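Reviewing the structure listed below.
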Amino acid sequence: MFNKLIADSLSRSPWLYHINTGSCNGCDIELVACLTPRYDAERFGFKLAGSPRHADIVVVSGPITSQSKDRLIRTLEQVPRPFCVVSLGSCPRSGNVFKGSYSVEGPLEKYIHVDVSVAGCTPKPEAIIEGLYQAARILKEKRLAIQQERKEAD
Amino acid sequence: MFPFLKKAVENLFSRPSTLDYPAKPHDAKPRYRGRIAYDAEKCVNCGSCIKVCSPGAITVEKTPAEGGEDITYRFDLTSCTFCGTCEDFCDTGAIRLTEDYHMVAADPADLIVSGTHFKAAVAGGLTVSSNCIYCTLCARSCPEGAITVDRKTKHWEVDREKCIQCGICIGKCPKGALSFGDGKDAPSAEAPAAPDAGSSSPEAAPAPKKAETGPAAAPKKEKATRAAAPARRAEVPADQADPARYDLVEGILKSDACIYCTVCARKCPMEALTVDRAARTWTIDRETCVLCCRCLEACPREALSVGTFGLEKEPAWILPVPALAPVVPEKKTEETPAPAAAPAVRPETAKPSAQAVPPASAEPAPASSAEAAPLPAAGADGPEGILKSDACIYCTLCAKRCPMGCLEVDRAAKTWTIDRDSCILCGRCVAACPKQALSLGTVTE
Amino acid sequence: MELILKALGTLFSVLIYPGFLFVSAVGLLLAGFDRKVLARMQKRVGPPLLQPAYDFFKLLGKETLVPSRANKAVFLAAPVIGTASLAVMMLFLPIFGRAPLSLRADLIVILYLLTIPAVALILGGSASGSPFAGIGISREMVVMMAYELPLILVFLAVARKTGGSELCFSLERIVAWQAEHGPLLFHWAMIPAALAMLFVIPAEVGTQPFDAAEAETEICEGPLIEYSGAPLGLFKLNTAIKMFLMTALFCTLFLGGSGVTVTLGPIWLGAALSALLNTLILLALCLAVTLLCMTLVHAVTARLKIEHLFRFYWTVVAGLALISLILVWLGL
Chain Y
32 MFNKLIADSL
42 SRSPWLYHIN
52 TGSCNGCDIE
62 LVACLTPRYD
72 AERFGFKLAG
82 SPRHADIVVV
92 SGPITSQSKD
102 RLIRTLEQVP
112 RPFCVVSLGS
122 CPRSGNVFKG
132 SYSVEGPLEK
142 YIHVDVSVAG
152 CTPKPEAIIE
162 GLYQAARILK
172 EKRLAIQQER
182 KEAD
Chain R
-18 MFPFLKKAVE
-8 NLFSRPSTLD
2 YPAKPHDAKP
12 RYRGRIAYDA
22 EKCVNCGSCI
32 KVCSPGAITV
42 EKTPAEGGED
52 ITYRFDLTSC
62 TFCGTCEDFC
72 DTGAIRLTED
82 YHMVAADPAD
92 LIVSGTHFKA
102 AVAGGLTVSS
112 NCIYCTLCAR
122 SCPEGAITVD
132 RKTKHWEVDR
142 EKCIQCGICI
152 GKCPKGALSF
162 GDGKDAPSAE
172 APAAPDAGSS
182 SPEAAPAPKK
192 AETGPAAAPK
202 KEKATRAAAP
212 ARRAEVPADQ
222 ADPARYDLVE
232 GILKSDACIY
242 CTVCARKCPM
252 EALTVDRAAR
262 TWTIDRETCV
272 LCCRCLEACP
282 REALSVGTFG
292 LEKEPAWILP
302 VPALAPVVPE
312 KKTEETPAPA
322 AAPAVRPETA
332 KPSAQAVPPA
342 SAEPAPASSA
352 EAAPLPAAGA
362 DGPEGILKSD
372 ACIYCTLCAK
382 RCPMGCLEVD
392 RAAKTWTIDR
402 DSCILCGRCV
412 AACPKQALSL
422 GTVTE
Chain S
120 MELILKALGT
130 LFSVLIYPGF
140 LFVSAVGLLL
150 AGFDRKVLAR
160 MQKRVGPPLL
170 QPAYDFFKLL
180 GKETLVPSRA
190 NKAVFLAAPV
200 IGTASLAVMM
210 LFLPIFGRAP
220 LSLRADLIVI
230 LYLLTIPAVA
240 LILGGSASGS
250 PFAGIGISRE
260 MVVMMAYELP
270 LILVFLAVAR
280 KTGGSELCFS
290 LERIVAWQAE
300 HGPLLFHWAM
310 IPAALAMLFV
320 IPAEVGTQPF
330 DAAEAETEIC
340 EGPLIEYSGA
350 PLGLFKLNTA
360 IKMFLMTALF
370 CTLFLGGSGV
380 TVTLGPIWLG
390 AALSALLNTL
400 ILLALCLAVT
410 LLCMTLVHAV
420 TARLKIEHLF
430 RFYWTVVAGL
440 ALISLILVWL
450 GL
């Protein structure tokens, strides 16, 4: 029961860590727009965290430049499990118009499994909320899966 | 700080401005560019969208199938910038960016829009009929640059290797001369390849041949026109010398029903009308007005009419009651006696009207060619060309629309000249004429 | 036997009521109220009331990462120390009546116990070895010094007022004095001190505009930056508990009194009912104080720079407390 409570809380209180890997800033602004009174993502417990160690959902925007690649990997290593990765916009998934540039090391899928992709250039805040909401549900499943693993290990 | 305090307490007791979003659906604003909708049935596989897509989000896959091939277009929404250029460039409207912004998926495969259509193999490929006027529109519309047209040498050629059989050129052709040949047209496809080959084929013969004779005749004609124009100009004032004529000047008249809505001014192709809603004034520049009567049709209160009115002195813009039509420049005009007979000389297409026709020489030929005008009539001895009736009001709209710049209209001198050598017979002037004074027909010498 | 019962009773007090479990629940609820009302003041719908509880339970279920450069023992022990001291502190606060652990010098003990969570934060932050935490703990120390002076002055004023010629540091006696003479807030000489105390509460809890130490937008929550999982959850819990304890302390010092006594049915039922009623009244008062001195101030102000914060506390707030102290010393 306690495990269920924790898993439930996980889906109700996902904290976001946003990492910009060379984004044009469009997606970043729309993500922040989700926290404004008009969209108010805090209704679902979403909160922007300042440190990857506080994060439950890592939101990646941008096509992953050579400069940001190492930082991205280092950041992702510091996120406590269970966590979700959400790609914001077209860039992290494909590189978008930056595809094929000498300084683009994407796509994000090369480095980590992307749980939810939010398409759009940029996505509407409504779409972002939808994506984060879906990621929160995946978070819960991941927690339950970890529990299952532990049980089986015992 | 205190205004904020007031606001904070106010907000506490007012409704939050938050959208109840996931609970209630929220539509995007009109014309939002969201998820791509692809109608494979409309697609002609021209590949324009692939060419214009800057992130390269569109891919095409061709798999051979029985009697042709299956063509699959894939639109990767996780790569798309939603710029809408593919939609703009799609000639057949197969691509549409919808207002659906719910593009969220755990599996990226859900974010790929695709569609497959079957394309039957075409045996003969693109062919051109003898109707071709070498206007180059097909070459310009071809997304693959497979068509080359040389107007000077009357040469039309398609590169079968490059041609993807999208059919855009077929839609663009003003003469309906292009088609995907199915065997029987195959020989004619070769016809345009060489300019002289056309003459060997009996069907293709007339057009190129006549066109060839055209250039030789045209310069002379043109000179003749220019010579004739000043003569006519001199004669008109002579005709108007009678002061009684000024009482019967035709023009647009306005009744008191006018509500100064400015619709007429907006409809006027010549911008001759100015309406001031605030000052409630309606003024017309009679010199610019071509009496096309579009304002009459546009007026919601039917306040406008065409009428005659008197004038004290001779106006600069004389438009006599029956528009005195100067004739299509022909040698005939030169031959006809200059004075009063001038208005009676009609263009070849016009049927003999109530007006007296002194020189009977032109009579028989036009009567027969009038019916056959739109097509290159086999029996006619002249080449095909744009003809003008005396309904012409010299409004210059046709000249403005002409893509080749071969029309010249002088409003003051009431002349209308055409450079038949450069005319491609696209027919835009015919469509543009507000008085339906232009038509296609056989030009008789 | 009697000894065992007494020990069990103390354990119950420490762990359940009015100890750890009670203050945690109430603190999280109070923090939820704070967030909800703050959101409404910003014209938002805001998170559910239980949001801080969700946050806490979620953090319990997350992986706990210890940085390689951190001192592991101190890093992990710090939040526990903080929580323990706060749970114990509640035992000194009489809820309209007797406190489980009231001594002669409650106020002095409370002063020390209040310092411990801040010290624990400093310990944990410095153990993590992060430069962000370094800036955070130096700010935390400045904040601590800033609010300790006015807090001591307020305590002195209260002690002098209620103790007459001598100083009275016993909360139970302060409450008893208020039951006799009316709440301290209504003695005009004490109004500046009450105001000063209202200013001390947000600094002690660390809410905007006095949250320079944990500024999440500039130094990423400072000392907490390296924490994850359960220790982070405990720190978040500490903040919530502090929110309740500080407001409860304010209520005890300035709005104390005899409370309600229900005489109904058997003695134990009456006692239980009156305890419940008194607790509810205390909670309502705490909520009002929270909204007034934390939520409203948070909604209308921006974060102060650390030097501005320090100057503000040592001039305005300390000045207010000093006025009260002088007035009380003069016998007013």
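If you read the protein sequences in the order shown, they are chains Y, R and S. Positions 32 to 185 (my numbering) are the ones given, in order, by the first sequence. Positions -18 to 426 (my numbering) are the ones given, in order, by the second sequence. Positions 120 to 451 (my numbering) are the ones given, in order, by the third sequence. Where a beta carbon is used, it is the ideal one built from N, C-alpha and C, also for glycine. In this text the structure is predicted, and so the values were computed from the model without any measurement.
For A(-11) (chain R), the chain S residues whose Cβ falls inside 7 angstroms of its Cβ are M160, L415, A418 and V419, in order along the chain. Between the C-alpha atoms of R105 (chain Y) and R112 (chain Y) there is a straight-line separation of about 15 angstroms. Contact check for L(-14) (chain R) and R16 (chain R): beta-carbon distance about 46 angstroms, past the 8 angstroms limit, so the pair fails to qualify. Residues of the segment 1 to 35 of chain R with a C-beta less than 7 angstroms from any C-beta of chain S: none at all. Proximity of V193 (chain S) to chain Y, defined by a Cβ-Cβ separation below 9 angstroms, is not satisfied. Within the segment 163 to 176 of chain S, those residues whose Cβ lies closer than 7 angstroms to any Cβ of chain Y are, in chain order, R163, V164, G165, P166, Q170, Y173, D174 and F176.
With distances taken between CA atoms, G162 (chain Y) lies nearest to Y:V116 out of Y:Y142, Y:G137, Y:V116 and Y:Q178. Short of 7 angstroms from the beta carbon of M260 (chain S), and not among the five residues preceding or following it, lie these beta carbons of its own chain, in chain order: I241. Contact with chain S is found for P113 (chain Y), since one of that chain's Cβ atoms lies less than 9 angstroms from the residue's Cβ.
Under the three-state reduction of DSSP output, P302 (chain S) falls in the coil class, being neither helix nor strand. E333 (chain S) is a Cβ neighbour of P342 (chain S), given a cutoff of 9 angstroms. Annotation for N127 (chain Y): P94, G120, S121 and C152 place their beta carbon closer than 8 angstroms to its own, counting only its chain and skipping 5 residues before and after. Taking 9 angstroms as the threshold, the shortest C-beta distance from S347 (chain S) to chain Y falls below it. At least one CB atom of chain Y sits nearer than 9 angstroms to the CB of T62 (chain R).
About 6 angstroms separates the beta carbon of P45 (chain Y) from that of G76 (chain Y), a gap short enough to meet the 8 angstroms contact definition.
Annotated three-state conformation of H85 (chain Y) is helix, per DSSP. DSSP, reduced to helix, strand and coil, places C147 (chain R) outside both helices and strands of the structure shown, so it counts as coil. In this structure, the beta-carbon distance from S97 (chain Y) to A87 (chain R) does not fall below 9 angstroms. Annotation for Y54 (chain R): the continuous beta strand (DSSP E) segment containing it runs G49 to D57.
Taking a beta-carbon distance threshold of 9 angstroms, M(-18) (chain R) counts as an interface residue toward chain S. The contact set of V156 (chain S) on chain R, defined by CB atoms closer than 8 angstroms, consists of L(-7) in chain order. By the rule that beta-carbons nearer than 9 angstroms mark a contact, G157 (chain R) does not touch chain Y. Non-local beta-carbon contacts of S249 (chain S) in its own chain, meaning distances under 8 angstroms to residues more than five positions away in sequence, involve P186, I344 and E345 in chain order. Contact between the segment 291 to 307 of chain S and the segment 383 to 403 of chain S is absent, with fewer than three C-beta pairs closer than 8 angstroms. Closer than 9 angstroms to the CB of S(-2) (chain R) there is at least one CB belonging to chain Y. Proximity of T326 (chain S) to chain Y, defined by a Cβ-Cβ separation below 9 angstroms, is not satisfied.
In this structure, N26 (chain R) sits near C147 (chain R), with a CB-CB distance shorter than 9 angstroms. When DSSP states are grouped into helix, strand and coil, D225 (chain S) belongs to the helix group. Secondary structure at G128 (chain S): helix, using DSSP grouped into helix, strand and coil. V130 (chain R) is bridged by DSSP to R:W137. V63 (chain Y) is bridged by DSSP to nothing; it lacks a bridge partner.
Within the same chain, Cβ atoms closer than 8 angstroms to the Cβ of G49 (chain R) are found at F99, K100, A101 and A102, the five residues on either side in sequence being excluded.
In the DSSP assignment, E136 (chain Y) falls outside any alpha helix (DSSP H), carrying neither H nor E. Using beta-carbon distances, A86 (chain R) counts as an interface residue toward chain Y, with a partner under 9 angstroms. From the beta-carbon of C405 (chain S), no residue of chain Y is found nearer than 8 angstroms; the closest lies around 23 angstroms away.
About 7 angstroms separates the beta carbon of N(-8) (chain R) from that of Q161 (chain S), a gap short enough to meet the 8 angstroms contact definition.
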